[in-house]
Amino acid sequence: VSDPLITFLSDFGREDWFVGVVHGVIHEHFPRAKVIDLTHEIPPGHVAHAAFVLEAAAPDFPPGTIHLAVVDPGVGTDRRALAAAARGQHFVGPDNGLLEWALGDAAHRVHEIRERRYLRSSVSPTFHGRDVFGPVAAHLAAGVRIEQLGPAVHDPERLPPCAPRREGSDLVGQVMFFDRFGNALTNLTWRVLESAFPGVPEGRFEVRVAGRTLRGLTRTYGHSAPGTLVALMGSSGRLEIAQVGGDAAARLGLGAGDAVRVTATEA
Amino acid sequence: VSDPLITFLSDFGREDWFVGVVHGVIHEHFPRAKVIDLTHEIPPGHVAHAAFVLEAAAPDFPPGTIHLAVVDPGVGTDRRALAAAARGQHFVGPDNGLLEWALGDAAHRVHEIRERRYLRSSVSPTFHGRDVFGPVAAHLAAGVRIEQLGPAVHDPERLPPCAPRREGSDLVGQVMFFDRFGNALTNLTWRVLESAFPGVPEGRFEVRVAGRTLRGLTRTYGHSAPGTLVALMGSSGRLEIAQVGGDAAARLGLGAGDAVRVTATEA
Amino acid sequence: VSDPLITFLSDFGREDWFVGVVHGVIHEHFPRAKVIDLTHEIPPGHVAHAAFVLEAAAPDFPPGTIHLAVVDPGVGTDRRALAAAARGQHFVGPDNGLLEWALGDAAHRVHEIRERRYLRSSVSPTFHGRDVFGPVAAHLAAGVRIEQLGPAVHDPERLPPCAPRREGSDLVGQVMFFDRFGNALTNLTWRVLESAFPGVPEGRFEVRVAGRTLRGLTRTYGHSAPGTLVALMGSSGRLEIAQVGGDAAARLGLGAGDAVRVTATEA
């Protein structure tokens, strides 16, 4: 069996040395570690934004992967440090909602990180990525179990619910994230759409967003002429709004939280 | 023999999770993989820009290196997926001109990627970096040969030719790329210059660009006073226009495609 | 014993291929190499800025770590190439002050890099990260000693001194660096403060900056209400000025070199 991968997500940016230092600490504690940067460009302190990225990316990693996530405005206060086992993977980060994807698994287990032996020898009050979470991720990769880290936690912080809702025959979701290409990703997953509109083929969906109506879901970006606005199921299994060869978010003036309404038209 | 390196070039940016996910998939398919990011900051969909980067960087990597390149506005359409062997290295990417550097080798071999066993178990129509190209790069690193991936391709897409031309006693090239320092890299390689002006020493070249005339090629940036405009053979073997300690592109208002004329003066 | 880590710091940015090429060269010379990017976003040519980053980051890495640092406006001129042993680690870079942190160790040893066998087979005049410093870092990781690289150097370039000074009962330091969160890091290390104000508890320090007076040092960011300006000892052991949940540098209009005055108030 090969070692588990460690992913690393933060709001540290890449202009300073913080990301590199955490990589160093992980290798110091577990020299064989394989660390993959998810992104470090989370806007500073935006926990919900980071939680969305983790939810979108984690399912693409193999079972056993350890996700290290550090967006931590409460570092050094009495907010707890957590390690979770959920969905066949591990998650390490502060108790502020960042690990929402793990906690949404009914079978999740969460422990507080307390055992000093798994931390850096000296723990600062301002950089737990280096002193707490990084070392713990390394120890988990080396085989430590989350039960060894500290007591079970039964009341972890959760994010406010953000599920699509029914309104008459419509399903109403919202824009969650804009990717690099200007595509607007929503909280309307394929599972939610199938459950709300069982058996409806892609051509009969109608999507309304920013005063526009898009008819039918397209399969991929390049099937329409450049400039066309399209709705499609993106690679992380969510409905997204895109402009072929362009930036749909800029074109439509979309912002996070904007409503996206879906209906099924008559056959 | 050590494992081949895998380089990774894309237009994914580093704000989203796409780059990390491809790294994860490669390691899942070949745990010993060594993946080196070339850059992910190609402007979205700019195939020619990415092809230039690949041409500039690939020769600096060892024989056997596998170059994974994903700038893929046609993902999910009927554009083919390719793997090429050329110049002693491997290249994996979409059939849209991105692999021009490999195809410029008269002895190149190209195969279409078709065999499902070398792809991700489920292939989406919108993220072939994750589902097709990444897994194939991993399999090539593990020893699979390009012939195993699918049928030979004899008509891959090429970029429009972009070679310097003679105009009387001038050799006329163009600006191809601006690097981080504001240096303007051209398509005038040392080989082209030597062939056009055999035996001419560096001091007798004259370079005209943006209404300026630069006399002689300098050896490196720091040999002239700050602010001086210089022409020199850069580290990837191309004539470049630079400003000592400054940004030549901004100073001269240069854009990609601007003409750069070279002549040899009398001894 | 596991292999030493190699850190890599430069002003190359991540839009071009330079960083990737150096990674490739290191792996070519030492396939087991573990290379950690510190940052490549140093403003082009800003040696002092890079020297500060190296000083802040290096102590967080294990003994034996090799720090590869390339901010090198004098590349190809007669500036020397150096390798240093200091503070239990190695440092490789140009002789322009970039290695100031190593040279500040009274027990440092520095050698000039001269032996061709440890360089790339062909050395360009414009890219010594690829042709000189990268290969040397790889050779050091493989066990080569700095004495084998070339003659000892007794007069390396140093940066202008930048130590805090006493003015009456005040200790006067300056802003050195702004991190991603807008925190302003100073040259007032904990050691300097303890030596200037022995036994003074955190609550009795007073910090004056940009016309403001901050009373007491706080332990971490999250202990005060959002928007509060605070002074605290940051994770690299330096006094920093921060705004809870915000950007202190922007709020106060701070610039590098701005004075930061510290006094101790009566008990």
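Protein chains in written order, with the numbering used here: chain A, 3 to 269; chain B, 3 to 269; chain C, 3 to 269. Glycine residues also receive a C-beta, built at the ideal position from the N, C-alpha and C atoms.
Asked	Found
Spatial distance of G201(A) from L161(B) (CA atoms)	44 Å
Cβ-Cβ distance between A108(A) and P96(A) below 8 Å	no
Rounded straight-line distance, which links the Cα of R253(B) to that of A244(B)	10 Å
Within-8 Å CB hit, H92(A) to chain C	no
Beta-carbon proximity of G224(B) to G131(C), cut-off 8 Å	no
Backbone secondary structure at E117(B) - three-state DSSP	coil
A269(A), DSSP secondary structure in three states	coil
Spatial distance of S123(A) from F135(A) (CA atoms)	13 Å
Chain-order list of residues whose beta-carbon lies under 7 Å from that of M235(B) (same chain, five-residue window excluded)	W192, L219 and L241
Reference Y251(B), options E268(B), A266(B), L231(B) and R263(B), closest by Cα	According to the sequence as given, residue 251(B) is Ala; it is not Tyr. With distances taken between Cα atoms, A251(B) lies closest to L231(B).
Secondary structure of R168(C), DSSP reduced to three states	strand
Neighbour list for R221(A) in chain B, Cβ cutoff strictly below 7 Å	G78 and P127
Any chain B beta carbon closer than 8 Å to R182(C)	no
C-alpha distance - H69(C) paired with R221(C), whole-angstrom precision	31 Å
Cβ distance (whole Å) where A86(B) is taken to contact R111(B) below 8 Å	7 Å
Rounded Cβ spacing between E117(C) and G78(C) (contact assumed at less than 8 Å)	Contact flag wrong, Cβ pair sits at about 19 Å.
Start-end ranges of the alpha helix (DSSP H) lying completely within the stretch 167–245 of chain C, minimum 4 residues	192–198
Contacts that D13(A) makes with chain B (C-beta to C-beta distance below 8 Å)	In chain order: nothing, as chain B lies at least about 11 Å away.
L231(C) Cβ short of 7 Å to the ligand PLP heavy atom set	Looking at this structure, you won't find the ligand PLP or any other ligand, since it has none at all.
Beta-carbon gap between S53(A) and L100(A) smaller than 8 Å	First, the residue type needs correcting, since residue 53(A) is Ala and not Ser in the sequence shown. In contact: A53(A) and L100(A) (Cβ atoms closer than 8 Å).
Uninterrupted beta strand (DSSP E) stretches inside the stretch 60–128 of chain C (no shorter than 3 residues)	68–72, 83–88, 91–96 and 111–114
Short CB-CB distance (under 8 Å) between W19(C) and chain B	yes
Bridge-paired residues (DSSP) for A140(C)	None, per the DSSP bridge assignment.
Top-ranked residue by Cα proximity to H156(A), from V21(A), H113(A), H42(A) and E17(A)	H113(A)
Endpoints, the beta strand (DSSP E) within which I38(C) is located	K36 to T41
For L56(B), the three-state DSSP class (helix, strand or coil)	helix
Any 3 or more C-beta pairs closer than 8 Å across the stretch 42–57 of chain C and the stretch 12–21 of chain C	yes
Status (buried if at least 16 other CB within 10 Å, exposed otherwise) for E149(A)	exposed
8 Å Cβ cutoff, G66(B) in contact with chain C	no
Reference F63(A); option with closest CA among L11(A), Q91(A) and V55(A)	Q91(A)
Meets three-Cβ-pair contact criterion under 8 Å: the stretch 136–146 of chain B and the stretch 24–40 of chain B	yes
Straight-line gap, D13(C) to R167(B) (C-alpha atoms, nearest Å)	35 Å
Neighbourhood of R16(A) by C-beta, 7 Å cutoff - its chain only, sequence neighbours within 5 removed	H42
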